[in-house]
């Protein structure tokens, strides 16, 4: 039952050589869920939070076990803020931050961070962009210097703009070699029509070509503001040191008017929609789903438990048990509720040999229906809750994970009680809640289905 | 795609750090080492920073211990290890771990098979109990095997058949190694998977799954003194097994370049260039490891600056070398070719970087940068209990031993720019290389019109 790997990899990871221009690689390795158990253990964390004079939120957590520091900036702007005809703008802007500042060239930035064995990474996603420096304690001043430099003083050189844009265009072409990417793009088009989550974070061939250097500069000026930024510092540093470094390096960041945001709800899918994409492959890549929930939806915890039982719980989920362990139809199968600032999507994905495409889809739909029609068993509920509560500390067991989680807790406004209350919020979910949210948030009639593979042989009948 | 070992394509810092234990600013906590009377080695590391731990059992068996016609047997057995024993029937293992808030999984490489549980530190005993139980008495059921074989075949389709890069890596190893078992992929060939029998699995299990062929590692919020008696009680009753033979076929010297094409539907070409090089047992491995860093760690590295930044002919480029292998492996270069670039130009550019290293030593700054990266990554690696334990498990499983790895940093610091030049000249030669090129062929059918069809509401 468990699966993993082959050589290399754990379960659902797909290593590719691309992603981030530089070195790359990848993989999602272990789906990082994690945890500990029925004692419902909360995490004993005491982060400190301050707001600077220019309006930046600063969160500090001291961790003195290893001489390393993670400085992680989250900017409240992502691809959801892209104009539809210029999808990819937030990502292109982010990708250019470390490609030259007023005082350092692209190469100088790379040389400085590489020389001390640290890393400097920028990544745009749908709701926000992160820029982070990971550095040894002895080099912490350099870490702040470089991070502040790329955030406060990017130069957006014309030649770098052209180069990075071509690079991203190339990656878009290359992404077509990954059936999972092809399926995801098609799926988002169906689920998020007329919504900012519709487009890939990196944009499309068409939209990227419309972006000008002025667009990038304007996006930066409008969105990259201290009041839009959550700076999380975790590691071998004291509150006093952190505060002083923040003042030195970010104190001069000019305030600005916060950008206006409008919340858009995706239109509910009102009928079944199927999209098939031809590729000469031995497996069909299948994605099936529809709209989901936002991170602040009060049902988030009930949905988390329900989804765990359905297909997020790895080897103990119903989908894994049915599709993989009983029928041998797939290596990996998972269900996801991508809870974002605005309601995200729900999907189940798997790969199965071409010949069993219809059988797998039928099996997936049966599990969705099953969860709506009958309550889960006492044992399933107890085990799901006990995993979710117990595994909580595993989500926080490294400096990098802590910085990421703290930043998101602040971004979504969950409050630091999240760390002590999470087990309670999971504990109070009942069997009735699970069935209620299954009925409310799963729909086996109105869904989007995407199949990428050898269509002539797959003969999709759904 | 089935890389010969996990790390191969993981983020670079991870890779590098596999090698070094102990270093600089934060020396790692030294493991407490014990050897049970049945020969099992136990390494315990106390890391009190979070109330969690990782338990890992590493067996010295991987695809290098397989024979022609049964490629993939070690990995198949890894899958079957989750099918239950008399005491803990099918499904119980993972259910118990999850119920207790843990995650469990396993992975197989060319040189090892490893099982792990990441969980709360106060649940470590449960993981130990379950691992001790399945070290013997695995229930190998024919029906479970039939189903699991299909799962593994799906895994092969996913990683090797339908992934252009995975397909190229598989072929590269098959070309570079003719007689050594590194020739075949860890996941195996379809026909071998179909030919495998329950008896094959049983024999493999009986031969290699014994305490004297295993290393147990626990890293986390534990007390070694307190935990060891528990470990002794659980594992010492397991009888010592046979001493498996670890001799494998030697790979003869390569005499002349090997070159192959792989044609399949794809959007962009992919180039790989592999050179046979020594492993950890050679002093040259330290210089080769730094050579890898100079070529490909970070955006200031030579390959990125040349192929991605200046010439814009690669979407991604890199060099990979793992000295942590039981037998000598490959040092290889890869490049994902930009859509408008020519494969020949990419190959020439890679060769130019090799020639440059052979004709002049790297600058002192570059050398120092590489050393700093290697040293820092060792510290960052300890941020994760899991990776920390993997480093120990891997070094033990390939025969180096964690103590030897310990000297690694010191040896690395002593490497000179001339050493780098020397190993580049000695190993990165044309006669010693295998070049593989993925040649994209057009889609057989035109892309389906995006016209979605709609079912009934």
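Protein chains in written order, with this note's numbering: chain L, 882 to 1343; chain R, 0 to 456. Note that the Cβ used here is the ideal one computed from N, Cα and C, for glycine as well. This structure is a prediction, so every number in the text was calculated from the model and none was measured.
- Listed along chain R, no residue sits closer than 7 Å to residue 1287(L) by beta-carbon distance, the nearest being about 14 Å off.
- Within chain R, the residues placing a beta-carbon under 8 Å from that of residue 1057(L) are 266, ordered along the chain.
- With respect to residue 1191(L), residue 1248(L) sits close: the two C-beta atoms are nearer than 9 Å.
- When C-beta distances to chain L are compared with 8 Å, the residues of the segment 367-387 of chain R below that value are 367, 368, 371, 372, 373, 374, 375, 376, 378, 379, 381, 382, 383 and 384, in chain order.
- Residue 1238(L) does not reach chain R, its nearest Cβ partner there being about 12 Å away, counting only Cβ pairs nearer than 8 Å.
- Less than 9 Å divides the Cβ of residue 1091(L) from the Cβ of residue 966(L).
- Our two residues, residue 326(R) and residue 999(L), have alpha carbons roughly 31 Å apart in a direct line.
- In chain order, 150, 153, 154 and 157 make up the part of chain R whose C-beta sits under 7 Å from the C-beta of residue 1212(L).
- At a Cβ-Cβ threshold of 9 Å, residue 101(R) and residue 124(R) do not count as neighbours.
- Under the 8 Å Cβ criterion, the segment 1251-1270 of chain L does not count as touching the segment 935-954 of chain L, having fewer than three qualifying pairs.
- With 16 or more neighbouring CB atoms inside 10 Å of its own CB, residue 96(R) falls in the buried class.
- Scanning the segment 1156-1219 of chain L from its first residue to its last, the whole beta strand (DSSP E) runs of 3-plus residues come out as 1164-1172 and 1214-1218.
- Rounded to the nearest angstrom, the Cβ distance from residue 969(L) to residue 1083(L) is 5 Å, consistent with a contact under 8 Å.
- Taking 9 Å as the threshold, the shortest C-beta distance from residue 145(R) to chain L falls below it.
- With respect to the 9 Å criterion, residue 391(R) and residue 30(R) are classified as neighbours on the basis of their beta carbons.
- Taking the CA atoms as reference points, residue 40(R) sits about 7 Å from residue 213(R).
- Not flagged as an interface residue toward chain L: residue 224(R), since no C-beta distance is shorter than 9 Å.
- CA-to-CA, the gap between residue 1257(L) and residue 1315(L) works out to about 8 Å.
- For residue 160(R), the chain L residues whose Cβ falls inside 8 Å of its Cβ are 1162, 1163 and 1164, in order along the chain.
- Among the residues facing chain L, residue 304(R) is included, as its CB has a counterpart in that chain under 9 Å away.
- In the three-state scheme derived from DSSP, where H, G and I count as helix and E and B as strand, residue 99(R) is classed as coil.
- Pairing residue 977(L) with residue 1041(L) gives a Cβ-Cβ distance under 9 Å.
- For the segment 283-312 of chain R, the residues whose beta carbon sits under 8 Å from a beta carbon of chain L are, in order, 295, 296, 297, 298, 299, 300, 303, 304, 307, 308 and 311.
- Take residue 324(R), set aside five residues on each side of it, and the residues of its chain with a beta-carbon closer than 8 Å to its own are 4, 109, 110, 278, 279 and 397, in chain order.
- Ranked by Cα distance from residue 378(R), the first of 408(R), 361(R) and 351(R) is 408(R).
- Membership of residue 263(R) in the beta strand (DSSP E) is indicated by the continuous run 257-264.
- The C-beta of residue 948(L) comes closer than 9 Å to at least one C-beta of chain R.
- For residue 244(R), no chain L residue has a C-beta closer than 8 Å to its own C-beta; the minimum C-beta separation is roughly 22 Å.
- For the C-beta of residue 995(L), the chain R residues within less than 8 Å are, from N- to C-terminus, 296, 297, 298, 299, 300, 368 and 372.
- Look at residue 58(R) here: in three-state DSSP terms it is strand.
- Using a C-beta cut-off of 8 Å, the segment 424-443 of chain R makes no contact with the segment 142-161 of chain R, since fewer than three inter-stretch Cβ pairs fall below that distance.
- For residue 1047(L), the chain R residues whose Cβ falls inside 7 Å of its Cβ are 311, in order along the chain.
- Cβ-Cβ distances below 8 Å link residue 28(R) to 44, 45 and 46 in the same chain, with the five nearest sequence neighbours on each side left out; the list follows chain order.
- Ranked by Cα distance from residue 81(R), the options 230(R), 137(R), 160(R) and 272(R) are led by 137(R).
- Its chain contains 1191 and 1319 as the residues whose beta carbon lies nearer than 6 Å to that of residue 1252(L), once the 5 sequence neighbours on both sides are disregarded; these appear in chain order.
- Taking a contact as a CB-CB distance under 8 Å, the pair residue 1332(L) and residue 1160(L) does not count as one, their CB atoms being some 10 Å apart.
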